[in-house]
Amino acid sequence: MALELYLDLFSQPCRSVFIFAKKNNIPFEFKKISLLEGEQYGEDFGKINMLRKAPAIRDGDFTLAESIAILQYMAQKFSTPDHWYPADLQKRARVNEYLAWQHSAMRPHGSKMFWLKLMIPKVLGKEAPKEKMDGAMEDLEASLNTFLEKFLQDRPFIAGENISLADLVAIVEIMQPVGVGMDVFSGRPKLAAWRDRVRTAIGEELFDEAHQGIIRAPELVKSMDASKLEVFKAWIVKRFL
Ligand SMILES: N[C@@H](CCC(=O)N[C@@H](CS)C(=O)NCC(=O)O)C(=O)O
């Protein structure tokens, strides 16, 4: 039986799981879970992931949450090419180092721009306060600088000569603010060159397929019925304002 992948490609960790499975020809069934429509709170999804977050997977009677755990599970189960999650102790440690860091830096900082720039105006009907935007921008810039100085340095990819899970997890997060119109690559030629290498390694068609939703996010969100997004109001105020 094929893996069931529960995904919404608006979500960065879902894109990494989607790209990894497709790139490695892992047979799977795409189970769309629409986060903005609140499908993660439904009874059926609760049985797949009680954390009520996407991505999640089902492999027979085994279910798994958390994108990093899912990527590692797929890499091991399907014996994907070594470069994704190298067996070499220190190369793997380099990948793990980035995967551990990004949870509390690149991920929240990229994601925050998406909510402040796009979702807050839509849900609350007003722009996010300037000081919140400025603070979020500072955090994102700091994460991008750390990414370049500490994690990428002068290497083609985070763990060396080849793409790994670390680059995949990084690119999907860095593309989130791009989706709301921020050109994070402008003025950062090393970052832009790395993005091009990652896109080529993944395959341009697959990269673009995974990101087409987020690139069109402003247009898609604009056409959404704001009353359906009411459920996010309290959460946004608590988390971002
Ligand atoms: N640490 C988790 C994060 C998953 C996560 O935060 N998913 C978000 C989308 S990017 C989600 O499902 N949000 C729905 C919600 O919080 O209601 C992972 O890497 O899989």
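For the sequence shown, my numbering gives the first residue as 18, with consecutive numbering after it. The C-beta atom is built at its ideal place from N, Cα and C for all residues, glycine as well. All of these numbers come straight from a predicted model, not from anything done at the bench.
Secondary structure note for aspartate 76: it is in no alpha helix (DSSP H), and the uninterrupted beta strand (DSSP E) holding it is 73 to 76. Apart from the 5 residues on each side of it in sequence, alanine 176 sits with its Cβ closer than 7 Å to the Cβ of Pro103, Lys108, Arg111, Val112, Ala183 in its chain, given in chain order.
Within a 10 Å sphere around the beta-carbon of glycine 152 sit fewer than 16 other beta-carbons, which makes this residue exposed. For the options Asp61, Asn41, Arg32, Lys129, the alpha carbon positioned closest to that of glutamate 83 is the one of Arg32.
Here the alpha carbons of leucine 169 and arginine 205 stand approximately 13 Å from one another.
Of the candidates Trp211, Lys143, Lys134, Trp211 places its Cα closest to the Cα of aspartate 171. Taking every protein chain shown into account, the CB of glycine 142 has fewer than 16 other CB atoms within 10 angstroms, so this residue is exposed. DSSP, reduced to helix, strand and coil, places alanine 82 within a strand of the structure shown. With at least 16 other beta carbons inside 10 angstroms of its own, methionine 91 counts as buried. The residue from Ser160, Arg256, Trp252 with its alpha-carbon nearest to that of glycine 55 is Trp252. By the CB criterion at 8 Å, alanine 234 and valine 197 fall inside the cutoff. Fully contained in the segment 99 to 180 is no beta strand (DSSP E) run of length 3 or more. In the structure shown, lysine 48 falls within a strand segment according to DSSP collapsed to helix, strand and coil.
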